[in-house]
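In the working numbering, the protein residues as written are 1 to 91. Note that the Cβ used here is the ideal one computed from N, Cα and C, for glycine as well. Have a look at the structure below before the remarks.
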Amino acid sequence: MYKCPHCGKKGISVWGKLTIGMYNPAICKECGNEVRVPYTSALILSIFTVGFITVLSFVDSIILKIVISVVMASLSLFLYLKYVPLIPEYK
Ligand SMILES: [Zn+2]
Numbered sequence: 001m002y003k004c005p006h007c008g009k010k011g012i013s014v015w016g017k018l019t020i021g022m023y024n025p026a027i028c029k030e031c032g033n034e035v036r037v038p039y040t041s042a043l044i045l046s047i048f049t050v051g052f053i054t055v056l057s058f059v060d061s062i063i064l065k066i067v068i069s070v071v072m073a074s075l076s077l078f079l080y081l082k083y084v085p086l087i088p089e090y091k
């Protein structure tokens, strides 16, 4: 669970954080307020994805492609969950 920036309680689930989108904030289970991630993190994530696709286009082996995909997906997931901060969304 993640700390809610509104109430300070652990009201945001891992799944809640994962499914935060540009127009889809997570809802705190404790206070019911909306929480999202900074827009810059979405930008960094898209740059990361483009770089990743570029790398894959240079790889010939299908096995290697799968291995790189799994590693990169786990890495970006880990970095997102660990380092991207949750910020309060005010209506
Ligand atoms: Zn809250």
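Quiz item: Touching or not, the segment 70-85 and the segment 23-34, by the rule of three or more beta carbon pairs under 8 Å?
Solution: Of all C-beta pairs linking the segment 70-85 to the segment 23-34, fewer than three are shorter than 8 Å, placing the two stretches out of contact.
Practice problem: Flag this pair as touching only if the segment 33-45 and the segment 59-72 have three or more C-beta atom pairs under 8 Å; answer yes or no. | Solution: Touching, no.
Exercise. Below 8 Å on the Cβ atoms is my guess for Ile-68 versus Val-50; work out the distance and round it to an integer in Å.
Key: As a working mapping, residue 68 is identified with position 68 in the sequence shown. As a working mapping, residue 50 is identified with position 50 in the sequence shown. Rounded, the Cβ-Cβ distance is 15 Å, inconsistent with contact.
Exercise. Could you tell me if Val-37 is buried or exposed, where buried requires 16 or more neighbouring beta carbons within 10 angstroms of its beta carbon?
Key: Walking along the sequence shown from the start, residue 37 turns up at place 37. Classification for Val-37: buried.
Quiz item: If we call anything under 7 Å between Cβ atoms a contact, is Tyr-23 one with Leu-86?
Solution: Against the sequence shown, residue 23 aligns to sequence position 23. Against the sequence shown, residue 86 aligns to sequence position 86. For Tyr-23 and Leu-86, no; Cβs fall outside 7 Å.
Practice problem: Examine ligand 1 and report whether any of its heavy atoms sits within less than 6 Å of the Cβ of Gly-16. | Solution: Position 16 of the sequence shown, counted from the first residue, corresponds to residue 16. For ligand 1, no non-hydrogen atom lies closer than 6 Å to the CB of Gly-16.
Exercise. For Lys-65, I'd like the list of residues in its chain whose CB is within less than 8 Å of its CB, leaving aside the five on either flank, ordered along the chain.
Key: Position 65 of the sequence shown, counting from 1, holds the residue named residue 65. Excluding residues within five positions, the ones whose Cβ falls inside 8 Å are Leu-56, Val-59.
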